[in-house]
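Student: Residue numbers (our numbering), protein chains in the order written: chain A, 1444 to 1790; chain B, 49 to 376. Quick reminder that beta carbons are idealized off the backbone N, C-alpha and C, glycines included.
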Amino acid sequence: MSSGGSFAAARSGQIKTAEGTRVSALAVLCCILAAISIWSVTLGTSRIPVANVLSAIFAFDGSREHLVVTTLRLPRVLAGLLAGGALAVAGAIMQAMTNNPLASPGLLGVNAGAAFAVVMATSLLGIGSETVIWFAFCGAGAAAGIVYALASTGPSGATPLKLVLAGAVLTTFLTSLTTAVLIFDQNTLDAVRLWTAGSLSGRTMAQVAAVAPYILVGLSLAVLFRRHLMTLSLGAEIARSVGQNPILWRGLAVVIVILLAGGAVALAGPVGFVGLVVPHVARMTVGVDYRWIVPFSAAGGALLVVLADTLGRTVFASQSFPVGVTMAILGAPFFIWLARSRAGDVR
Amino acid sequence: MTRTVAALALAVAALLLASLAHGDHPVAFGELISLVTQPAGANPQVEMIVLDLRLPRVLLALLVGVGLAVTGAIAQAVMRNPLAEPGILGINAGAALAATTLIVALDTAPIHLLPWAGFAGASIMAVAIYVLSWRNGTTSLRIILIGIGLSALAGAATTFLTAFGEIRDVQRAMIWLAGSVYHADWNGVQVLALWLVVPMTLALLSSRELDLIRFGDNAAQSLGQRVNLIRALMILLCTLISGAAVAAAGLIGFVGLVAPHMARRLVGPAHARLIPVSALIGAALVMAADLVGRTIIAPAQLPAGIVTALIGAPFFAWLLWGRHHVAA
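(1) Can you tell me which of A:Phe-1501, A:Leu-1675, A:Ala-1478 puts its alpha carbon nearest to the alpha carbon of Thr-1541 (chain A)?
(2) Does any C-beta atom of chain A lie closer than 7 Å to the C-beta of Ala-375 (chain B)?
(3) Taking 7 Å as the threshold (beta carbon to beta carbon), is Ser-1445 (chain A) in contact with chain B?
(4) Taking Pro-308 (chain B) as part of the alpha helix (DSSP H), name the residues at either end of that continuous run.
(5) Quick check: the Cα distance between Asn-184 (chain B) and Gln-124 (chain B), rounded to an integer number of angstroms?
(6) Can you pull out the residues from the region 1604 to 1631 of chain A whose beta carbon lies closer than 8 Å to at least one beta carbon of chain B?
(7) List the residues of chain B whose Cβ lies closer than 7 Å to the Cβ of Asn-1543 (chain A), in chain order.
(8) Within 7 Å (strictly less), CB to CB, does Val-1635 (chain A) reach chain B?
(9) Measure from the C-beta of Met-335 (chain B) to each C-beta in chain A and report whether the shortest distance is under 7 Å.
(10) For the region 1696 to 1726 of chain A, which residues have a CB atom closer than 8 Å to at least one CB atom of chain B, in sequence order?
(11) Enumerate, from N- to C-terminal direction, the unbroken alpha helix (DSSP H) stretches of 4 or more residues contained entirely within the region 91 to 127 of chain B.
(12) For the region 221 to 241 of chain B, which residues have a CB atom closer than 7 Å to at least one CB atom of chain A, in sequence order?
(13) Tell me the residue span of the alpha helix (DSSP H) that contains His-1509 (chain A).
(14) Quick check on the burial criterion: 16 or more other C-beta atoms within 10 angstroms. Buried or exposed for Leu-64 (chain B)?
(15) So is Pro-1492 (chain A) buried or exposed if we call it buried at 16+ other beta carbons inside 10 Å?
(16) Output needed for Cys-286 (chain B): all residues of its chain with C-beta closer than 7 Å, excluding positions within five of it in sequence on either side, in chain order.
(17) Our contact map puts Met-1673 (chain A) next to Asp-1732 (chain A) with C-beta atoms below 8 Å; I'd like the distance itself, whole angstroms only.
(18) Spell out whether any CB of chain B is found under 7 Å from the CB atom of Ala-1665 (chain A).
(19) Taking the straight line between their C-alpha atoms, what separation do you get for Val-1697 (chain A) and Ile-97 (chain B)?
(20) Do the CB positions of Ala-1665 (chain A) and Ile-1699 (chain A) come within less than 7 Å of each other?
(21) How would you list, in chain order, the residues of chain B whose beta-carbon sits under 7 Å from the beta-carbon of Pro-1765 (chain A)?
(22) Under a CB-based cut-off of 7 Å, is Phe-263 (chain B) close to chain A?
(23) Along the chain, which unbroken stretches of the alpha helix (DSSP H) at least 4 residues long are found entirely within the region 1466 to 1519 of chain A?
(24) Taking Val-1496 (chain A) as the reference, which of A:Val-1729, A:Leu-1677, A:Ile-1481 has the closest Cα?
(25) Report the rounded CA-to-CA distance for Arg-1668 (chain A) versus Thr-1514 (chain A), giving the unit in angstroms.
(26) Would the beta-carbon of Val-1607 (chain A) fall within 7 Å of that of Leu-189 (chain B)?
(27) Verify the CB distance criterion: does Ile-1536 (chain A) have a CB-CB separation below 7 Å to chain B?
(28) Quick check on this structure: which residue in A:Leu-1747, A:Val-1749, A:Ala-1709, A:Gly-1584 has the alpha carbon closest to the alpha carbon of Thr-1574 (chain A)?
(29) Could you check what DSSP says for Ile-1589 (chain A) in three-state terms: helix, strand or coil?
(30) In whole angstroms, what is the alpha-carbon distance linking Arg-1756 (chain A) and Ala-1745 (chain A)?
Shown next as structure tokens:
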């Protein structure tokens, strides 16, 4: 046996243990997520024991407690899970694609487009809360489409720089229009201000079921193509030299982000924090490897949103406390600590 | 370069004249000239409108535009990030929180404290971000990340206030946050101009250091630059300039982000050219925005900060995707 062979064996052993640690860490994270979700359903103005929650899901009998679980609490928790996971994964993809630590799903114009559509619809048509999600979804998709189209013009296609600049410009443009409307229309401001802070209150099972397919398709595409995202994050030149067509894959990545972030904005309103911060947390804990950042972001984002929403409606005892605020209170100190102790050493 | 600067300077001068002449009470150019040549014989009403109302306002717009554009150029070089703007240092989040607290939470606070609150909020936030990212020196990545975190916290507090405050106060806060130069007076213009002299001169003098630091910490260090010191100085300059601009006019976004990019398209990335050209573009943007904002739906007025993006975005798109490439 040559020493080189044993070295290679030892190294592959090391890699295997690192993989093992990550798999078990992910499994633990998912278990915590499941436990927190069920715990969240039990909490509220009336406490419902875990056994009743489970029986409401698996053996529904139409009692008052079961109705509370299935019509009020479960949709809210599911909306939180979906929106959180979707936003975090969309953020991870944006950061991989643009190689910019400031990139978030909102940079594609998703939040600004949704807010613009909702404000316009509320101001001109006076829509109610049931149809808001569709205006948000369409606004988000349209804005992201415009950003990508703007960035793709020209010979080099949608380079990361053009993409982020087009996104930033359209975002400011739409936000300005929205602000201009809100400054003159106090009623609309009053109607949408809670929505713009990000809120999960009043989500119905029908709404969740309507948006879920988009998010689930987006999530499975992201997990399926996580290797390609990793390659994409290395930059156009390296990606091309290992055989990837960066223009094609960047386009696909944008489609995934639109599905994920559009759905999430429809469910939870324009919340920025998850999509920006959770991928950073994942990168600082599991390393710069998007094959792992994607699943860890999904679990972490879902955990953060559900936890924040649960705390918001129990500690602050208000069903409409905006989840965007609790999320930042909960997540930002941890993120600052992590950035202080980890970032800059990795590079 | 000369042609670009001349064209931009002409544009700024034209905007200045147009802003003096246009408004609810139009003033003919002949009257403007006679106001300068024979001040004694001027109509006192016209004199009051032009000299006491319109001139300070347009000068304030000019100063704010210059300040924001220059700090944007510095921030993009120091952070080595095309998305950087003064707000990345926490200026906007800090000022927004301070102003919203003053307007929404402390009903009785006198309104003339608003600029001071804005400046205090902006500088406290910038200092906090810098201090928290110091660990055996700073890195631009760490400053960006800590900035994201702290801005999110301040943003959460602002959101809380806007979501649950008295709707009338919230709307007033939104107007301030949108950024405007409605309330310009000579006193404010003088204070801002004096305040900006030293930091702006320093910014112009440091173009070589900015060229160096843009290459990355290691390259700059091996070329003899004391990276941590320069970065701290540049962040201090940014805070002084944009904090004052924000205090004077509220949150005028977009200029700090986009003016440097426009300038880079026109004259390339060297800061000796980039900074003056950015300054001219920024001035033209804010002046044009204020002129449009106060005439387009007169007698109502749109805040300059809103119009900046509305007229700046199409122009930027034309520059970015037209054939005006000096260096991408």
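Tutor: Answer, in terms of the structure:
(1) A:Leu-1675
(2) At Ala-375 (chain B) the pLDDT is 38, less than 50, meaning the model places this residue with poor confidence; the figure from the coordinates comes in the next sentence. Chain A, which has no Cβ nearer than 7 Å to the Cβ of Ala-375 (chain B), makes this no.
(3) In this prediction, Ser-1445 (chain A) has a pLDDT of 43, which is less than 50 and means its spatial position is unreliable; what the coordinates show is noted afterwards. Judged by the 7 Å Cβ criterion, Ser-1445 (chain A) is not in contact with chain B.
(4) Where Pro-308 (chain B) is concerned, the enclosing alpha helix (DSSP H) stretches over 303 to 315.
(5) 23 Å
(6) Leu-1604, Lys-1605, Val-1607, Leu-1608, Ala-1609, Ala-1611, Val-1612, Leu-1613, Thr-1615, Phe-1616, Thr-1618, Ser-1619, Leu-1620, Thr-1622, Ala-1623, Leu-1625, Ile-1626, Phe-1627, Gln-1629
(7) Asn-129, Leu-131
(8) no
(9) no
(10) Residues passing the 8 Å Cβ filter: Gly-1715, Phe-1716, Leu-1719, Val-1720, His-1723.
(11) 92 to 95, 103 to 127
(12) Going along the region 221 to 241 of chain B in chain order, one finds Met-222, Ile-223, Ala-226 with a Cβ nearer than 7 Å to chain A.
(13) 1507 to 1510
(14) buried
(15) exposed
(16) Thr-119, Ile-122, Ala-123, Pro-134, Leu-137
(17) Contact between Met-1673 (chain A) and Asp-1732 (chain A) holds: CB atoms are separated by about 7 Å, below the 8 Å threshold.
(18) no
(19) Inter-residue distance for Val-1697 (chain A) and Ile-97 (chain B) is about 52 Å (C-alpha atoms, whole angstroms).
(20) Taking 7 Å as the Cβ cut-off, Ala-1665 (chain A) and Ile-1699 (chain A) qualify as a contacting pair.
(21) Residues of chain B whose Cβ lies closer than 7 Å to the Cβ of Pro-1765 (chain A) are, in chain order, Thr-207, Ala-211.
(22) no
(23) 1493 to 1501, 1507 to 1510
(24) The shortest Cα separation from Val-1496 (chain A) among A:Val-1729, A:Leu-1677, A:Ile-1481 belongs to A:Ile-1481.
(25) This sequence places Phe at residue 1668 (chain A); Arg is not what is there. If you take the alpha carbons of Phe-1668 (chain A) and Thr-1514 (chain A), they lie about 35 Å apart.
(26) no
(27) no
(28) Residue A:Ala-1709 holds the alpha-carbon nearest to the alpha-carbon of Thr-1574 (chain A) among A:Leu-1747, A:Val-1749, A:Ala-1709, A:Gly-1584.
(29) helix
(30) Straight through space, the alpha carbons of Ala-1745 (chain A) and Arg-1756 (chain A) are spaced by roughly 17 Å.
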